[in-house]
Amino acid sequence: MASIERGTVTHAAKSEDSSRATALDGTALDNEAYVSAEFFDSEVKKIFRATWMLAGFAHEVSDAGDSLPVTIGGIPMILVRGRDGEVRAFHNVCVHRGMPLIDKPCRKRAFITCPYHLWTYDLEGRVRNRPHFFRGGEHDISENGRDDVRLAAIRCDSWHDLVFVNLDGKAEPLADFLRPLTERLQHYDLDALNWSRDVEYDIASNWKLIAENHIDALHIFGVHPALNKFADQATRPCTEAFGHLFFGCYSFPDPEKGRGLGMPYFPGLSAKARQEAPWFYLFPNVMGQVYPDQLLVIQLIPESHERTRERVHFYFVGDAAHDDAFEEGRRQAHETYTSVLAEDIPVCEALQRGRVSEGFTGGVLSPFWDKATFELAERVRERLG
Ligand code: FES
Ligand SMILES: [Fe+2]
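Every letter in the sequence shown is one number past the one before it in this note's numbering, and letter 195, counting from 1, is 1230.
This is the structure in structure tokens:
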């Protein structure tokens, strides 16, 4: 077994798995990655813009003409549902003089109207009306919208309820980005899910500390006593890294309220899967937790190097998402997970405060539990070069 001695990692098990053992001879990220605004700016350019980011949820723009402002890493965008049912993304800025177009969700509007000089765009982003454009009283009106003057589009694609954007337009197809996850969740019929509710947190922490905490399977016994009772630390596996996917799955002996008791399960789950709880992190901003009766999708919205919004969306199977008969089950699931978050968020905020200390230089890592944290650091280092 590997062991930790005097702040270094040694690897008695090297001959069994030399590549894994060698990887842990490095460290996670040092303090600059968490406390530097310049570092965050580099992440925006080289990570957030260059991959698929979870921007919003299809149910938030459920009808044609619905639009939603979204800002991730300081980049303002809007998601718009078109008359054809497609969800599109645009930069949230008018092409005339650069005015932000909307600052709150809008419902069932036929057009997007800039609040400054009232240019009007159709739902596909084409400019339609430009009042007094030529001179007072002489308007530019294009019944079908102008193809040559349009909002700056952002590459956008959806998977179930999740709407992703890729700002630089160069990322792999979304299906390829998601494949490592969809293959591991293929025995869950995600089509059976319906959205139920969401809860949002404003966290004084760098986005990576929240992600690192999500893939840190070692902190359960110290931070989450109820969760540890549900599935003991001694029985838990660590999170494994598969490129940009971080994935783990623990087994629990018996379901309990809020986690698999009294709510309908995904159809066709095997006996084994009925006692399993996979968790995942899709670098950089999607985290999740699956139970036999629910899916939690957690969206990280990095706002600065020291501020992150976290949105947690709850999905249940079939009618359980809305039917009154399952209200108590939904309440328990909500309470169960928000209790976990109430334990996690202070940890993330404390870790952020700890990152100003000269006494921390990237970490002394457990060769079993911290592989994922090391791999996350590698994803950041690879991107930032
Ligand atoms: S800035 Fe939008 S209409 Fe002028
Ligand atoms: Fe936790």
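Glycine included, each C-beta is placed from N, C-alpha and C at the ideal position.
Asked	Found
Output the distance between the C-alpha atoms of Ser1401 and Pro1272, rounded to the nearest integer angstrom.	13 Å
Report yes if the CB atom of His1254 is closer than 7 Å to the CB atom of Phe1318, and no otherwise.	no
Using a Cβ cut-off of 7 Å (strictly closer), state whether Ile1082 contacts chain D.	Looking for chain D here will not work: only one protein chain is present.
For Asp1405, verify whether its CB is less than 6 Å away from any heavy atom of ligand 2.	no
At the level of alpha carbons, what is the spacing between Ile1238 and Glu1345?	7 Å
State the start and end residues of the unbroken beta strand (DSSP E) segment that holds Val1115.	1110 to 1116
Mind listing, in chain order, the continuous beta strand (DSSP E) runs of no fewer than 3 residues lying wholly within the stretch 1224 to 1309?	1228 to 1238, 1275 to 1277, 1280 to 1286
Between the Cα of Arg1219 and those of Ala1252, His1259, Phe1315, Ile1110, spot the shortest distance and give me the residue it belongs to.	Phe1315
According to DSSP, which residues form a beta bridge with Gly1322?	The sequence as given places Met at residue 1322; Gly does not occur at that position. BP columns for Met1322 point to Tyr1316, Ile1333.
Just how far apart, CA to CA, sit Ala1056 and Ala1407?	With a pLDDT of 46 at Ala1056, under the threshold of 50, the modelled position of this residue cannot be trusted, and the question is left open.
Cα-Cα, which of Ala1093, Val1415, Glu1173 is closest to Asn1320?	Val1415
Contact check, Asp1098 vs Arg1116 under 8 Å by CB: the rounded distance?	6 Å
Do Leu1216 and His1195 have their CB atoms nearer than 7 Å?	no
Restricting to Cα atoms, I'd like to know which of Arg1144, Asn1201, Arg1132 is closest to Val1184.	Arg1132
Nearest-angstrom Cα distance between Ala1312 and Glu1363?	21 Å
How far does the alpha helix (DSSP H) with Phe1169 in it extend, from its first residue to its last?	Phe1169 -> not in any alpha helix (DSSP H); beta strand (DSSP E) instead, spanning 1161 to 1170.
Please classify Arg1118: is it buried, with 16 or more other beta-carbons within 10 angstroms of its beta-carbon, or exposed?	exposed
Would Asn1127 be called buried (16 or more neighbouring beta carbons within 10 Å of its own) or exposed?	buried
Applying the 10 Å Cβ sphere with the 16-neighbour rule, what's the burial state of Pro1290?	buried
Among Phe1146, Ser1077, Pro1166, whose alpha-carbon lies nearest the alpha-carbon of Gly1100?	Phe1146
Which residue from Val1391, Gly1394, Glu1413 puts its Cα closest to that of Gly1061?	Glu1413
Taking 6 Å as the cut-off, is the C-beta of Cys1129 nearer than that to any heavy atom in ligand 1?	yes
Note down, in chain order, each residue of its chain lying with its Cβ closer than 7 Å to the Cβ of Leu1244, except the 5 sequence neighbours on either side.	Tyr1069, Cys1383, Leu1386, Gln1387
Quick check on Ser1339: buried or exposed, where buried means 16 or more other Cβ atoms within 10 Å of its Cβ?	exposed
Tell me the rounded alpha-carbon separation between Val1079 and Trp1087.	12 Å
Hey, His1348 and Asp1233: beta-carbon distance below 7 Å or not?	yes
Would DSSP call Ala1056 helix, strand or coil?	Confidence at Ala1056 is low in this model, with a pLDDT of 46, below 50, so its placement is unreliable and no value can be given for it.
Could you tell me whether the Cβ atoms of Phe1199 and Leu1331 are closer together than 7 Å?	no
For a test of your reading of the model: does the CB of Tyr1326 fall under 6 Å from any non-hydrogen atom of ligand 1? Yes or no.	no
Does any heavy atom of ligand 2 sit closer than 6 Å to the C-beta of Asp1358?	no
For Ala1058 and Asp1405, I'd like the C-alpha separation in whole angstroms.	A caution first: Ala1058 carries a pLDDT of 41, below 50, which makes its placement in the model unreliable, though a value can still be read off. Those two C-alpha atoms are separated by around 11 Å.
Return the Cβ separation of Pro1327 and Gly1283 in integer angstroms, given the expectation that the two are a contact with Cβ distance under 8 Å.	16 Å between Cβ atoms; not a contact.
Throw me the rounded Cβ distance for the Tyr1156 and Leu1186 pair, which I believe falls under 8 Å.	6 Å
Suppose you measure from the CA of Thr1343 to the CA of Arg1390; what does that come to, to the nearest Å?	16 Å
May I ask which residues mark the beginning and end of the beta strand (DSSP E) holding Leu1089?	1088 to 1092
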